[in-house]
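With our numbering applied, the sequence shown corresponds to residues 31 to 340, in that order. Where is the CB? At the ideal position from N, CA and C, for every residue including glycine. Computed from a prediction, not measured in an experiment: that's the story for all the values here. What follows is a set of notes on a single structure, which appears directly below.
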Amino acid sequence: MSRGFRIARVAPVFVAGAVALTLLLSGCTSGSEGTAANSIGGPGGTTATPRTFERYVALGDSYTAAPLVPQLDAARGCFRSSENYPSLVAAAITVSAFVDRSCSAADTTNLARPQRTETARVRPQFASLTPATDLVTLGMGGNDFQVFATLITDCVSLRSQDPTGSPCRDAQRSGGRDRLSTSLERTERRVTAAIAGIEQRSPRAEVLVVGYPQLVPPSGTCPRLLPLADGDYAYARTVSRRLTGALKRAAETAGARYVDVWRASAGHDICADEPWINGQFTDFSTAAAYHPFAVEQAAVADLITAALTS
């Protein structure tokens, strides 16, 4: 996303004040790297023994990096949690080498091209892929074409114009088509190409495409936490669901496995009694605004670990 402060740009990258960020970083460590598709979802957890892997590389955006989920590693401006789902998966399986390349604000272009963060120029995420890499998780797509930034920045800003209407949905309609939905068609092609790029660089790798969780409730509103116009809740949910569908189809087309976080997160949206996703207020001790809490990262790790267990 391209707005907001600058650890990120809203969702799925986060917004915070520059002064607060400076204070936060004073306590951070320096950056470090730590067949037909089928869908993986539902409750996680397993008692069986996971397979053994030689090298696990995690690729992704801020929903993989999990900014502000304790403990935070500045990671050259990528703001990864040491308890994000890749780290939890690496701890749960047997793996000789683990590299987490996830970075807040990344989109699929940053797989093959460098990413400029607030503090550094970050190498392309593909740079960590090797022929020895035999496990890759890929979690990104929401930042492409400003989809999530539009929902969480533009749509929120339009609420004041028509609080009970659907000003964001109306603003996105052009020529009989919805601009965000149209952009998701391009995102699907990008993710499909990204999987092919992984397979080219790491032909032995098992590739898991990790979807996004539910942010918006299926009904009702919670403007204190998610300040959309009443009619835009359904619109934002539709766009978010179409994004997950685009990622799933990309996995199917490319022969990768899809981790269905959408299904697993039902009942845990921003408005829920037990949310997996933070609302509009950044909490420097738990999660960035509109980003996952630790409980969501643990749940995703359970889904992936279960899928890797023989």
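Ranked by Cα distance from Tyr-86, the first of Ile-123, Ala-95 and Gln-101 is Ile-123.
Between Gly-195 and Gly-250 the beta-carbon gap is near 17 Å, outside 8 Å, which marks them as no contact. Using a 10 angstroms sphere on the CB of Pro-161, the tally of other CB atoms stays under 16, which defines it as exposed. For Arg-85, the uninterrupted beta strand (DSSP E) run begins and ends at 82-90, by DSSP. Of Leu-245, Ala-88, Gln-176 and Tyr-115, the smallest CA-CA separation from Phe-156 is found for Ala-88. A contact between stretches requires three or more CB pairs, one per stretch, nearer than 8 Å, and the region 292-301 meets this requirement with the region 235-244. By the 16-neighbour rule on beta-carbons within 10 angstroms, Gln-176 is buried. For Asn-114, the closest of Leu-338, Thr-339 and Ile-334 by C-alpha to C-alpha distance is Ile-334. The three-state reading of DSSP puts Pro-322 in strand, counting E and B together.
Scanning the region 245-287 from its first residue to its last, the whole alpha helix (DSSP H) runs of 4-plus residues come out as 262-284.
With 16 or more other Cβ atoms inside 10 Å of its own Cβ, Phe-323 counts as buried. The C-alpha of Gly-171 is placed about 19 Å away from the C-alpha of Gln-202. Under the 8 Å Cβ criterion, the region 200-215 counts as touching the region 266-273, having at least three qualifying pairs.
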